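With the first letter of the sequence shown counted as 1, position 4 gets the number 4 in full-length UniProt numbering; the numbers rise by one all the way through.
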Amino acid sequence: MLKNDFLMREIESFSKFVIEIFRKEKFEIDKEQVAMIEDDYLFYHFQEMIYNGKINEAENALFETIEKNPKLEHLKLSEKFYSEVFKMSDEYLQEQNYSREEAFESLDQIKEIYQKKYNDSNRRNWKEVRND
């Protein structure tokens with residue numbers, strides 16, 4: 001995980017550097033595009049881990065990412081992640097001490113994380129509306 005943290009800090013540092021250059025040149029950077037680049041990096045990193053027999057480690061990293069910040073882009077990232085997992089043969093998954101059942105259970109857990117976050121958020125918003 002230290003390697004991942006280091007890489008993420010490097011990406012963030014590079015992004016800030018690029019932003020400073022563009023500011024000097026009077027260009028604007030779209031924050032959504034930067035977020036997409038970061039999410040693409042995460043996907044390719046997870047994909048590499050899947051194909052190198054580190055499915056469990058990749059899944060743990062995915063959950064850490066989602067739990068830190070359950071934004072909708074990470075939900076899309078998880079969809080892409082499990083699409084890659086489901087492309088693997090049963091034999092490959094078994095060799096990696098992983099199964100399709102485990103993937104389905106993980107998808108259910110991710111669904112619960114997002115339902116809780118967005119249901120709680122919606123409840124708070126509704127209470128604010130009712131109190132006005």
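Each residue gets a CB set at the ideal place from its N, CA and C atoms; glycine is no exception.
This structure is a prediction, so every number in the text was calculated from the model and none was measured.
Short Cβ contact (8 Å threshold) for residue i with residue j
i, j, result
"Q96", "I55", "yes"
"E59", "S106", "yes"
"residue 133", "L93", "This structure does not reach residue 133, given that the chain is present from 1 up to 132, and the question cannot be answered."
"Y84", "I110", "Note that residue 84 corresponds to Glu in the displayed sequence, not to Tyr. The answer is no: Cβ separation not under 8 Å."
"D40", "E73", "no"
"I66", "I11", "no"
Residue i burial status per 10 Å Cβ neighbour count (16 or more: buried)
i, result
"Y82", "buried"
"L62", "buried"
"F86", "exposed"
"F46", "buried"
"Y118", "exposed"
"E48", "exposed"
"V129", "Caution applies to V129, whose pLDDT of 44 falls short of 50 and renders its modelled position unreliable; the value that the coordinates give is listed next. Its Cβ having fewer than 16 others within 10 Å, V129 is exposed."
Endpoints, alpha helix (DSSP H) assigned at residue i
i, result
"Q94", "90-95"
"S83", "72-87"
Coil, strand or helix - residue i by DSSP
i, result
"W126", "Because W126 carries a pLDDT of 46, less than 50, the predicted location of this residue cannot be relied on, and the following value inherits that uncertainty. W126 falls in the helix class under three-state DSSP."
"residue 134", "The requested residue 134 is not part of the displayed model; the chain covers only 1 to 132."
"S99", "coil"
"D132", "With a pLDDT of 47 at D132, under the threshold of 50, the modelled position of that residue is not reliable, and the figure given next carries that caveat. Three-state result, D132: coil."
"N60", "helix"
"N69", "coil"
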